[in-house]
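Numbering (our numbering), first residue to last: 12 to 212. The beta-carbon is built from N, C-alpha and C at its ideal position, and this holds for glycine as well. For clarity, every value in this text was computed on a predicted model and none was experimentally measured. Worksheet for the structure shown next.
Given below as structure tokens:
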């Protein structure tokens with residue numbers, strides 16, 4: 012892992028060597044294509060392509076699963092609601108679209124260094140200077156937002172595993188309080204790291 016909060020997995024795969032801008036553009040085009048695909052068979056083919064991309068990247072299946080694990084229950088709920096309201100075929104396509112989009116976004120973060128992503132975003136946000144906004148700070152905000160998703164997911168997993176090890180029964184309060192404390196500690200550590208880089212204002 013590298014960067015302030017990221018899930019970057021070092022490697023020498025073709026995906027690692029692609030520029031951040033190329034990957035972000037490909038992500039946008041891929042998500043657009045997913046929206047346009049309406050056949051479960053076509054989306055199944057898209058899923059096979061995503062699996063192939065993960066295999067080529069060499070980041071490992073555990074890292075790939077970590078990208079979609081946070082949305083697994085939302086995916087189940089989405090499938091159930093869509094199946095009841097629009098039928099199983101629509102439920103399958105809607106759920107596959109969402110899961111594949113998350114998986115593709117995760118693959119970009121796994122194969123792109125934080126610095127490279129920030130540099131690309133800063134270039135894209137350069138016109139923001141004309142309205143008084145700092146492109147660097149905007150790119151930092153967007154990058155940290157993307158990178159924080161796997162971090163919070165990892166914190167939640169560790170909290171739950173610790174509770175299971177102690178034999179603590181499931182309780183929203185018992186889960187939420189230590190998770191909130193862990194997130195705040197992480198935010199404090201991140202804030203200190205930003206302050207040391209002169210980004211405290």
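Element boundaries [alpha helix (DSSP H), containing residue i]
{"i": "residue 133", "result": "125–135"}
{"i": "residue 32", "result": "31–47"}
{"i": "residue 96", "result": "83–96"}
{"i": "residue 105", "result": "99–122"}
{"i": "residue 62", "result": "51–68"}
{"i": "residue 25", "result": "25–28"}
Rounded separation between residue i and residue j - CA only
{"i": "residue 16", "j": "residue 99", "result": "Confidence in residue 16 is poor, its pLDDT being 37 and thus under 50, which makes the residue's placement too unreliable to answer from."}
{"i": "residue 198", "j": "residue 155", "result": "11 Å"}
{"i": "residue 196", "j": "residue 67", "result": "36 Å"}
{"i": "residue 162", "j": "residue 20", "result": "14 Å"}
{"i": "residue 44", "j": "residue 117", "result": "17 Å"}
{"i": "residue 142", "j": "residue 179", "result": "52 Å"}
{"i": "residue 151", "j": "residue 182", "result": "35 Å"}
{"i": "residue 109", "j": "residue 81", "result": "12 Å"}
{"i": "residue 12", "j": "residue 71", "result": "Note that residue 12 has pLDDT 41, beneath the 50 cutoff, so the model's placement of it is unreliable and the number below is only indicative. Roughly 13 Å between the two C-alpha positions."}
{"i": "residue 60", "j": "residue 74", "result": "17 Å"}
{"i": "residue 173", "j": "residue 140", "result": "46 Å"}
{"i": "residue 23", "j": "residue 153", "result": "26 Å"}
{"i": "residue 124", "j": "residue 34", "result": "12 Å"}
Whole-angstrom C-beta distance between residue j and residue i, which should lie under 8 Å
{"i": "residue 107", "j": "residue 18", "result": "Contact doesn't hold; Cβ gap of about 23 Å is too wide."}
{"i": "residue 114", "j": "residue 79", "result": "5 Å"}
{"i": "residue 131", "j": "residue 32", "result": "5 Å"}
{"i": "residue 64", "j": "residue 26", "result": "7 Å"}
{"i": "residue 190", "j": "residue 167", "result": "6 Å"}
Heavy atom of the ligand GDP within 7 Å of residue i beta-carbon
{"i": "residue 33", "result": "Ligands displayed in this structure: none; no statement on the ligand GDP is therefore possible."}
Would you call the stretch 86–96 and the stretch 47–59 touching, i.e. three or more CB-CB distances under 8 Å?
-> At 8 Å Cβ cutoff, the stretches do not touch.
Between the stretch 134–146 and the stretch 37–46, do three or more beta carbon pairs fall short of 8 Å?
-> A contact between stretches requires three or more CB pairs, one per stretch, nearer than 8 Å, and the stretch 134–146 fails this requirement with the stretch 37–46.
In chain order, which continuous runs of the beta strand (DSSP E) of length 3 or greater are located wholly inside the stretch 138–204?
-> Whole beta strand (DSSP E) segments, 3+ residues: zero.
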